[in-house]
Every structure is written in structure tokens, then in C-alpha cells.
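Colleague: Have a look at this one before I ask anything.
In my numbering, the protein residues as written are 80 to 222.
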């Protein structure tokens, strides 16, 4: 019996187009980008989602993070992102590589996701994680 891969997905973590990279580059933790640069991944996500939808991909995955001034993993709300991207595509699903549970009230997270799932007609995939970055945990007052 031969199995074939029938569904393809992409993980897009939401990063800016870095110019200063490599061994001699500014270390990632020392980078600080302005808001005008940090919103670029949202436009990249729109274009990527449209292209994936046209090509018949199954799902675009992303990860939630907060306060990422270094230019990578800049999406703080995957539910809102998924609803928006579902509105500009036809079939593509949108997966939460994880929603950081300690950053949310659990009932609010469940309600928001359930409402978004209804609004997108089941095109969101829910995922949760514990979070690990101290700046997120400390700033949000999470345990």
C-alpha cells in the first residue's frame, strides 16, 4: 500500500525582511525595528495566504508572540489574523501553531476562537502552548 501526501501546509512565523544578517550582523536580541517595519509581515501574510489558496494548499500556520521588536514572530493575535485572512481567501485553513494560554483568560480565548470558527465556517485550527519568553510572561502578568 502506497500513501501519498495529499495536503500541504506552510508555517509562517511572521518576520520582517532582514537586511542585517549573518555572522557579522547585529545580534538578534540587540535589534529594534519601528512599527512601520514590524507591520510588514501582515502584508506578507496576506500575499502568502492568497497564493497558497490559489495553489490549493491546506493550511497556513502561525505562532502567537508579543513584544517582538527584533522583527520575528510579530503576530500577537492569531484569531484576528485568521479571521482577516479567511476573509480574503476561499478555502485555505489557518492554524494557530499555538495561542499562549497564560496570556489569555481561558474563557475569553475559547469564546473568541469559537466565534471566529463560526465566522470563518470552520477554517481555523486551534492550538495552545504555555509560552516561554520572559518579556511576555512578565509584561502580561502571567504565572
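Even glycine gets a Cβ: it sits at the ideal position worked out from N, Cα and C.
To the nearest angstrom, how far is the alpha carbon of residue 140 from that of residue 83?
Modeller: Position 61 of the chain shown, counted from the start, is the residue given in the question as residue 140. Position 4 of the chain shown, counted from the start, is the residue given in the question as residue 83. For residue 140 and residue 83, the distance between alpha carbons rounds to 21 Å.
Colleague: Using only the alpha-carbon positions, how far apart do residue 85 and residue 201 sit?
Modeller: Position 6 of the chain shown, counted from the start, is the residue given in the question as residue 85. Position 122 of the chain shown, counted from the start, is the residue given in the question as residue 201. One C-alpha to the other measures close to 19 Å.
Colleague: Just to confirm before moving on: does the CB-CB distance between residue 197 and residue 188 stay below 8 Å?
Modeller: The residue given as residue 197 occupies position 118 in the chain shown. The residue given as residue 188 occupies position 109 in the chain shown. No; because the gap between Cβ atoms is not below 8 Å, this pair is not in contact.
Colleague: What residue ranges within the region 91–154 form continuous alpha helix (DSSP H) runs of no fewer than 4 residues, ordered along the chain?
Modeller: The region 91–154 contains these whole alpha helix (DSSP H) runs: 114–117 and 119–134.
Colleague: Quick check: residue 107 and residue 149, are their CB atoms within less than 8 Å of each other?
Modeller: Locating residue 107 in the chain shown gives position 28, where the first residue counts as 1. Locating residue 149 in the chain shown gives position 70, where the first residue counts as 1. A contact, by the Cβ cut-off of 8 Å.
Colleague: Count Cβ pairs between the region 121–133 and the region 204–214 that sit closer than 8 Å; are there 3 or more?
Modeller: As far as the Cβ criterion goes, the region 121–133 does not touch the region 204–214, which means the pair count is below three.
Colleague: Since I believe residue 192 is in contact with residue 138 (beta carbons under 8 Å), could you give me their beta-carbon distance rounded to a whole number of angstroms?
Modeller: Walking along the chain shown from the start, residue 138 turns up at place 59. Walking along the chain shown from the start, residue 192 turns up at place 113. Not a contact, Cβ separation roughly 16 Å.
Colleague: Within 10 Å of its beta-carbon, does residue 161 have 16 or more other beta-carbons around it, so buried, or fewer, so exposed?
Modeller: For the purposes of this step, residue 161 is taken as residue 82 along the chain shown, with counting starting at 1. Looking at its Cβ environment, which holds 16 or more other Cβ atoms inside 10 Å, residue 161 is buried.
Colleague: Can you have a look at residue 165 and say buried or exposed, based on whether 16 or more other CB atoms are within 10 angstroms of its CB?
Modeller: Against the chain shown, residue 165 aligns to sequence position 86. By the 10 Å Cβ count, residue 165 comes out buried.
Colleague: Exposed or buried, which one is residue 120 when buried takes at least 16 other CB atoms within 10 Å?
Modeller: Sequence index remark: in the chain shown, residue 120 carries index 41 (1-based). Under this definition residue 120 is a buried residue.
Colleague: Apart from the five residues just before and just after residue 147, which ones in its own chain have a Cβ nearer than 7 Å to its Cβ?
Modeller: Stepping through the chain shown from its first residue, residue 147 is reached at position 68. Cβ within range, chain order: 153.
Colleague: By Cβ distance, which residues of its chain are closer than 8 Å to residue 182, with the 5 residues on each side in sequence left out?
Modeller: Residue 182 sits at position 103 when you count from the first residue of the chain shown. Answer for residue 182: 143, 145, 210, 215, 219 and 221, listed in chain order.
Colleague: For residue 221, write down the residues that DSSP places opposite it in a beta bridge.
Modeller: In the chain shown, counting from the first residue as 1, residue 221 sits at position 142. BP columns for residue 221 are empty, so no partner.
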